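J.: Position 308 of the sequence shown, counting from 1, maps to 308 under the numbering used here, and the rest follow consecutively.
Where a beta carbon is used, it is the ideal one built from N, C-alpha and C, also for glycine.
Owing to the predicted nature of the structure, the values given are computational and were not obtained by experimental measurement.
I'd like to ask some things about the structure below.
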Amino acid sequence: MKTYNAIVVGGGMAGLTAATYLARAGRSTLLLEKNEKCGGLVSTFEKDGFLFEGGVRALIDAGIISPMLRELGIEMESVPSPVTVGVEDQFVHVEGQQALADYAAMLTRLYPESADQVKRLIRIVRKVMKDMEILYAVENPAFRGLFEDRQYFFRHYLPWMFKFLRTLYAIGHMRGPVEPFLATRLPNRSLRDIVAQHFFRGTPTFFALSYFYLYTDYLYPRGGVGQLAEKVARKAEELGVDIRLNTRVTGLDVAQRIVTDERGEQYRYTDLVWAADLKTLYRIAKTDGLPEAVTAPIEAEKAKILPRRGADSVFSVYLGVDEPPETFRRISHGHFFYTPSRQGLGDIHTAELRRMLANWEQTRREDVLAWLDRFTALNTYEISIPVFKEPNAAPPGKTGLIISTLFEYDLVKRVQDDGWYQEFKEAVADRMVRTLAESVYPLLRDPAKILFRFTATPITIANTAGSSEGAIVGWSFEDEIPVTHSLLRINDAPKTAFPHVVKAGQWAYSPTGVPTALLTGRLAAKALGA
């Protein structure tokens, strides 16, 4: 059995980052990844000459990605990924922060009786955008040797710190869920639905209302989002990381510091970085032989973490369309958030869905399909068109579309358990495509235009990414969050009660995304002295 200074479980962006920095610091490092390639939800794949994203559709730099790549000596060419926001036949192309005024005008046209409410919303969003400017005003110190660059420290970082602390105070007053926050300020239910249904249920208010600022920060790597994972994995291997793919970890003996994979092969570690699903860690960890003083806090963490749930998941439809990109370019940018109706979802995706799941045994298949009709007709869709950003992402004269919407894992799981998963997938895809064909993309009414179609569901994400409940951003915001979720305490994110074990990734800090995955990976490596 070989012993490594550090073993990293999980080859998503957090695991790749941790492994790379550990190896750079001279630690013998093993990275175990259950899939055939690293990257997790940061992946790009090819289908019949079309490039598609398997997870995130674009990246947000957040003062983290660029300095990390520079620090590691990784070159990655990227292009801006501008956003369009649309409701019915109204569209706003977000090409700078001045587009907020266009967004306000669009909402006022849609809800003329609520013009004052729109003004109130825009004032709040504008303030959040100013706070975001402060948060992103400097490169993250975890990826920059501030004390080595004294000029940068005194000229940029020190003045920023005082503004940052004031901004944290403002953020602290907007940590509650966005739905009740908007309810007290936007009495028009449809208006606040159109704003809120872009986000995971219970999303912290500040995180939700920062979206308009984040839209201006989207970037797309040449060759697809998966280039980020590929380039970091290549750097990790250059630095000596032993990357073992198709290796699922099924056992962990904490006292002996031994990791076991599904084939029974064992690996010994000095330190362990857990960058996979956190609930899995607490399910498989064996603590026999540890003193009670050590196991007691582990059991307390376990009791806190295992009952918690992942956030909403996503249902995606992938289309190859026999239509040139110019047809779609006349409508939107390549990252398009579209809502086909100003009515809003109301209680369809909340109270109605919960009642249906609570009474599942009495729920007929026809009831589920009727609910789907309303859900798909009124929901908000994230549409990605890779060929707008990467000319080689589709054959000449053709266009690939990725159409996604937030979706409840439990619904798909109940359907799967009842044996009609395949039928359900097609039913959802049919309704999503039909909704867009009857609104923004009438060309999709012609079946001959669709060269192929396939789907990815919350079950797909749970199986491939390994995340509980198919969650794509970690913990549900509707329950008590069992990990660090304060920016002031983010340095604590790697800590666990397990001796010689730290954590990283979307389950280590909430809310999370690609930049936070990178940051927690870096912090985990720092916690181990790298």
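For Val85 versus Phe337, is the C-beta distance shorter than 8 angstroms?
T.: Cβ distance < 8 angstroms, so Val85 and Phe337 count as in contact.
J.: Using DSSP bridges, identify the partner residues of Glu382.
T.: Beta-bridge pairing links Glu382 to Phe337 and Ser404.
J.: Write down the C-beta distance between Thr17 and Arg522 rounded to the nearest angstrom, noting that I regard them as a contact closer than 8 angstroms.
T.: Yes, Thr17 and Arg522 are in contact; Cβ-Cβ is about 6 angstroms, under 8 angstroms.
J.: Since Val428 and Leu345 should fall inside the 8 angstroms C-beta cutoff, what is the C-beta to C-beta distance between them, to a whole number of angstroms?
T.: That pair is no contact at about 15 angstroms.
J.: What first and last residue would you give for the beta strand (DSSP E) that runs through Gly251?
T.: Element bounds for Gly251: Val249 to Asp253.
J.: Using DSSP bridges, identify the partner residues of Leu272.
T.: For Leu272, which the question treats as bridged, DSSP gives the partners Ile7 and Val501.
J.: Look at Arg81 and His335 and say whether their C-beta atoms are less than 8 angstroms apart.
T.: According to the sequence provided, residue 81 is Ser. The question's Arg does not apply to it. Yes. Within cutoff.
J.: Can you tell me the Cβ-Cβ gap for Glu77 and Pro221, rounded? I've got them flagged as a contact below 8 angstroms.
T.: Rounded, the Cβ-Cβ distance is 7 angstroms, consistent with contact.
J.: Leaving out the 5 sequence neighbours to the left and right, which residues in its chain are closer than 7 angstroms to Phe143 when beta-carbon positions are compared?
T.: Excluding residues within five positions, the ones whose Cβ falls inside 7 angstroms are Ile64, Pro67, Met68, Glu71 and Arg522.
J.: Output the distance between the C-alpha atoms of Leu444 and Met13, rounded to the nearest integer angstrom.
T.: Each residue's alpha carbon lies about 36 angstroms from the other.
J.: Who pairs with Val317 in a beta bridge, going by DSSP?
T.: BP columns for Val317 point to Ile403 and Thr455.
J.: Between the region 47 to 62 and the region 263 to 278, are three or more C-beta pairs nearer than 8 angstroms?
T.: Not touching, per the Cβ criterion.
J.: Quick check on Asp89: buried or exposed, where buried means 16 or more other Cβ atoms within 10 Å of its Cβ?
T.: Asp89 comes out exposed.
J.: What does DSSP give as the partner residues of Lys286 in its beta bridges?
T.: Beta-bridge pairing links Lys286 to Asp253.
J.: For Gly223, which beta-bridge partners are listed by DSSP?
T.: DSSP output for Gly223 lists no bridge partner at all.
J.: Span of the beta strand (DSSP E) holding Phe477?
T.: Element bounds for Phe477: n/a, residue is neither H nor E.
J.: Do Pro458 and Tyr409 have their beta-carbon atoms positioned less than 8 angstroms apart in this structure?
T.: The answer is yes: Cβ separation under 8 angstroms.
J.: Closer than 7 angstroms: is that where the CB of Pro307 sits relative to any heavy atom of the ligand FAD?
T.: Absent from the structure shown: the ligand FAD. Ligands present: none.
J.: Please state whether DSSP places Gly39 in a helix, a strand or coil.
T.: It is a strand residue.
J.: Could you work out which residue in Ala508, Thr247 and Leu411 is closest to Thr464 when comparing CA atoms only?
T.: Taking only the C-alpha atoms, the option nearest Thr464 is Thr247.
J.: Determine the closest residue to Phe454 out of Met356, Ser316, Lys302 and Glu478, with distance taken between C-alpha atoms.
T.: Residue Ser316 is the option with its Cα nearest to Phe454.
J.: Using DSSP bridges, identify the partner residues of Arg70.
T.: According to DSSP, Arg70 bridges with nothing at all.
J.: Beta-carbon within less than 6 angstroms of Val254's beta-carbon, same chain only, minus the 5 sequence neighbours each way: which residues are those?
T.: Excluding positions up to five away in sequence, the list reads Ala285, Thr287 and Phe498.
J.: Among all the DSSP beta bridges, which residues are the ones paired with Asp347?
T.: Answer is none; Asp347 lacks a bridge partner.
J.: Do Met106 and Val83 come within 8 angstroms of each other at the CB atom, strictly closer than that value?
T.: No, the Cβ-Cβ distance between Val83 and Met106 is not below 8 angstroms.
J.: What residue range does the alpha helix (DSSP H) around Lys526 cover?
T.: Note, Lys526: alpha helix (DSSP H), Val514 to Ala527.
J.: How would you write the range of the alpha helix (DSSP H) that Asp410 sits in, first residue to last?
T.: It spans Tyr409 to Asp417 - the alpha helix (DSSP H) in which Asp410 sits, taken as one unbroken run.
J.: How many angstroms separate the CA atom of Lys2 from the CA atom of Val42?
T.: Rounded to the nearest angstrom, the two C-alpha atoms are 30 angstroms apart.
J.: Going by DSSP in three states, Glu390 sits in which element: helix, strand or coil?
T.: If DSSP states are grouped into helix, strand and coil, Glu390 belongs with coil.
J.: Roughly how many angstroms separate the alpha carbons of Lys495 and Arg434, rounded to a whole number?
T.: Each residue's alpha carbon lies about 47 angstroms from the other.
J.: Let me know the secondary structure DSSP gives Lys47 once reduced to three states.
T.: DSSP places Lys47 in strand when its eight states are reduced to three.
J.: Would you mind sorting Asp271 into buried or exposed? The rule is 16 or more other CB atoms within 10 Å of its CB.
T.: Buried.
J.: Should Ser476 and Arg308 be called a contact, given that it needs their Cβ atoms to be closer than 8 angstroms?
T.: It is a contact, given that the beta carbons lie within the stated cut-off.
J.: Are Thr205 and Gly176 close, meaning C-beta to C-beta below 8 angstroms?
T.: In this structure, Gly176 lies closer than 8 angstroms to Thr205 by Cβ.
J.: Are the beta-carbon atoms belonging to Lys398 and Val273 less than 8 angstroms from one another?
T.: No, Cβ-Cβ distance for Lys398 and Val273 is not below 8 angstroms.
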